[in-house]
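In this text, residue positions in the sequence shown follow numbering that gives the first Met the number 0: the first is 0, and each later residue adds one.
Ideal placement from N, C-alpha and C gives every residue a C-beta, glycine not left out.
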Amino acid sequence: MKNYIKLNPVSFVNGNITLPGSKSISNRVLLIASMACGKTRIKNLLNSMDIKYMLLALKKIGIKYKINYKKKSCEIEGIGGPLQINSKEPIFLGNAGTAIRPLTAVLSLANKNDIVLTGDERMKERPINHLVDSLKQTGSNIKYCSKLNYPPIHIKGGYLGGNITIDGSISSQFLTSLLISSPMAVNDTKISVIGNLVSKPYIDITINIMKKFGVEVINNSYKKFYVYGNQRYKANNNFLIEGDASSASYFLSAAAIKGGTVKVYGLGKNSIQGDLDFVKVLRKMGAKIEISENYVSCTKKKLNGIDMDMNHIPDAAMTIATTALFADGVTKIRNIYNWRVKETDRLSAMSNELKKTGASIKEKKDSIFIYPPVNFRSSIINTYNDHRMAMCFSLLSLSKKNVTINNPQCTNKTFPEYFNIFGQICHYF
């Protein structure tokens with residue numbers, strides 16, 4: 000079985016796309032719904048590996064749900080409180096950060112818990128100590144099973160709430176995990192963030208979802224957060240998961256480079272996802288953008304390089320990196336250190352693969368400078384088992400050169416049908 004896909008040169012891009020559900024929203028909703036009082040009905044649930052890891056974990060914990068993948072719907076019977084499990088068999092979560100991190104916090108709540116959370120080899124290289132240290136401040140009993148500061152971890156409950164300090168500079172998922180678990184703690188929780196909180200829009204997503212399940216978070220300028228204890232989430236009878244804004248970026252960039260116009264349905268003016276700010280970056284580069292109630296469209300215009308801090312949209316910033324190859328002038332993407340602790344070291348990986356196109360690249364500790372190629376080269380792209388590497392480098396097929404992408408199946412993590420859907424808007428030479 001071949002483990003690559005060869006993309007032929009694309010002459011023109013045009014069409015409409017309906018986006019799959021957001022990964023970030025899907026896993027947050029599944030977890031909160033499992034702890035809510037009553038039945039939650041979810042529409043447009045993403046069907047991908049990261050979501051399946053969460054569902055398998057919830058099943059092992061004893062949560063009852065019915066899922067219809069064809070209709071993209073799910074019904075979950077919430078248990079009305081913290082999750083409880085006592086098992087000698089570890090819960091395996093692959094490389095799903097949106098699963099292992101919030102589960103770490105939630106499973107720290109019940110004193111009767113006794114469970115190991117683990118993942119694949121890359122997960123065992125992704126630090127979790129900032130979250131674990133914060134949980135231990137209020138009594139959590141968590142031990143590292145192998146390597147200090149990294150999964151697998153052994154959880155035995157003990158989390159009581161109270162005053163917590165957390166370093167916000169590595170991943171917003173750590174703070175998200177504390178917020179989701181805090182309403183069910185015995186005590187009120189005050190979380191103080193030290194350092195520069197990365198990916199703030201993802202915290203907005205978390206707070207927005209919690210509110211839709213009946214829990215309020217007091218956010219004091221992203222420096223302090225307050226959550227009352229002894230609360231319960233309330234089931235949501237009709238939770239519609241909006242389209243994935245990070246996934247939208249590839250189709251919108253394709254239009255900016257080689258359109259035509261592409262419309263992506265499932266997002267709009269009222270989106271709760273910060274990655275929709277991606278379209279502001281495309282607009283600044285020169286593309287024509289329209290944002291409606293239920294779609295976003297992009298139309299090609301001349302693209303120019305930009306110099307921007309993209310700390311707030313790290314995933315979508317990867318798409319800007321490949322889009323920059325088609326722009327006039329240098330593009331400088333700054334304040335993206337957390338690329339290094341994602342599914343792979345994305346700063347290093349992007350630098351290596353962008354150079355294959357003929358571009359000149361300067362990789363720094365927390366930034367990347369991209370000087371477009373004078374002439375594109377045909378490229379064989381390594382994806383480092385990172386779904387976003389595979390998807391953003393599909394844009395090289397717009398360069399009049401062939402591109403081969405190794406391990407395209409890594410897109411199963413968030414968007415299994417990506418290459419088929421990308422092909423639907425492509426017209427070939």
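Strand pairing of residue i, partner residues [DSSP]
i, result
"Val468", "Any question about residue 468 goes unanswered here, given that the chain covers just 0 to 428."
"Thr188", "Gly161 and Val226"
"Asn67", "Ser72"
"Arg339", "Bridge partners of Arg339: none, in fact."
"Lys42", "Ser72 and Leu239"
"Leu116", "Ile90 and Ile152"
"Val261", "Gly14 and Cys297"
"His426", "Phe11"
"Glu289", "Ser296"
"Arg333", "Asp308"
"Gly37", "Gly77"
"Asp276", "BP columns for Asp276 are empty, so no partner."
7 Å CB neighbourhood of residue i in its chain, flanking five on each side removed
i, result
"Asn381", "Glu352 and Asn405"
"Met349", "Met317, Ala320 and Ile367"
"Cys409", "Thr382, Asn384, Asp385, His386 and Ala389"
"Ile332", "Met307, Met309, Ala316, Ile319, Ala320, Ser366 and Ile367"
"Gly138", "Gly157, Tyr158 and Leu159"
"Asn15", "Lys262 and Tyr264"
"Lys155", "Asn112, Asp113 and Asn140"
"Ala184", "Leu108, Tyr158, Leu159, Gly160 and Gly228"
"Thr17", "Tyr264 and Gly265"
"Phe224", "Leu178, Ile190, Val216, Ile217 and Asn218"
Nearest-angstrom Cα separation, counted from residue j out to residue i
i, j, result
"Lys51", "Asn26", "9 Å"
"Asp203", "Ile75", "24 Å"
"Thr97", "Tyr370", "33 Å"
"Asn440", "Val214", "Examination of residue 440 is not possible in this model, given that the chain is present from 0 through 428 alone."
"Ala358", "Asn218", "42 Å"
"Tyr64", "Leu55", "11 Å"
"Phe91", "Tyr149", "14 Å"
"Lys70", "Lys363", "45 Å"
"Ile420", "Lys287", "22 Å"
"Ala244", "Pro89", "33 Å"
"Ala377", "Leu346", "Strictly speaking, residue 377 in this sequence is Ser, with Ala absent from that position. So the two alpha carbons sit approximately 22 Å from each other."
"Lys400", "Ala104", "47 Å"
"Met209", "Phe11", "42 Å"
"Asn236", "Lys38", "7 Å"
"Lys222", "Cys36", "30 Å"
"Ile66", "Leu82", "20 Å"
"Val115", "Tyr143", "9 Å"
"Ala109", "Met34", "12 Å"
"Asp276", "Ser23", "16 Å"
"Val197", "Ser168", "6 Å"
Same chain, Cβ closer than 6 Å to residue i, neighbours up to 5 away in sequence not counted
i, result
"Ser296", "Thr260, Lys262 and Glu289"
"His153", "Val115, Lys142 and Cys144"
"Pro372", "Thr356, Gly357 and Ala358"
Contacts around residue i, its chain only, beta-carbon distance under 8 Å, and the 5 residues preceding and following it disregarded
i, result
"Asn13", "Ala254, Gly258, Gly259, Thr260, Val261, Ile424 and His426"
"Ser398", "Pro8, Leu324, Phe325, Thr356 and Phe375"
"Pro101", "Asn26, Arg27, Leu30, Gln172, Thr175, Ser176, Ile179 and Ser180"
"Ile340", "The question names Ile, but residue 340 is Val in the sequence shown. Closer than 8 Å at the Cβ level, and outside the excluded window around Val340, lie Arg125, Pro126, Ile169 and Ser170."
Nearest-angstrom beta carbon gap, residue j and residue i [assumed within contact, 8 Å]
i, j, result
"Ile60", "Ile84", "5 Å"
"Met53", "Leu30", "7 Å"
"Ser304", "Thr330", "Note on residue identity: the sequence assigns Gly, not Ser, to residue 304. Going by Cβ atoms, the distance from Gly304 to Thr330 rounds to 4 Å, so yes, they are a contact pair."
"Phe238", "Ile41", "5 Å"
"Asn337", "Ser170", "6 Å"
"Asn207", "Ile271", "5 Å"
"Pro19", "Leu45", "5 Å"
"Asp166", "Ile127", "Not a contact, Cβ separation roughly 12 Å."
"Thr343", "Lys5", "Contact flag wrong, Cβ pair sits at about 22 Å."
Residue environment, residue i, which counts as buried when at least 16 other CB atoms sit within 10 Å
i, result
"Phe428", "exposed"
"Leu147", "exposed"
"Asp306", "exposed"
"Asp327", "exposed"
"Ile242", "Rather than Ile, the amino acid found at residue 242 in this sequence is Gly. Under this definition Gly242 is a buried residue."
"Thr188", "buried"
"Asn293", "exposed"
"Thr164", "exposed"
"Tyr201", "buried"
"Tyr249", "buried"
"Lys279", "exposed"
"Lys268", "exposed"
"Thr413", "buried"
"Glu120", "exposed"
"Asn195", "exposed"
"Ser393", "buried"
"Glu416", "exposed"
"Val131", "buried"
"Ile379", "exposed"
"Lys438", "Because the chain spans 0 through 428 in this model, residue 438 falls outside it and cannot be assessed."
"Ser133", "buried"
"Asn43", "buried"
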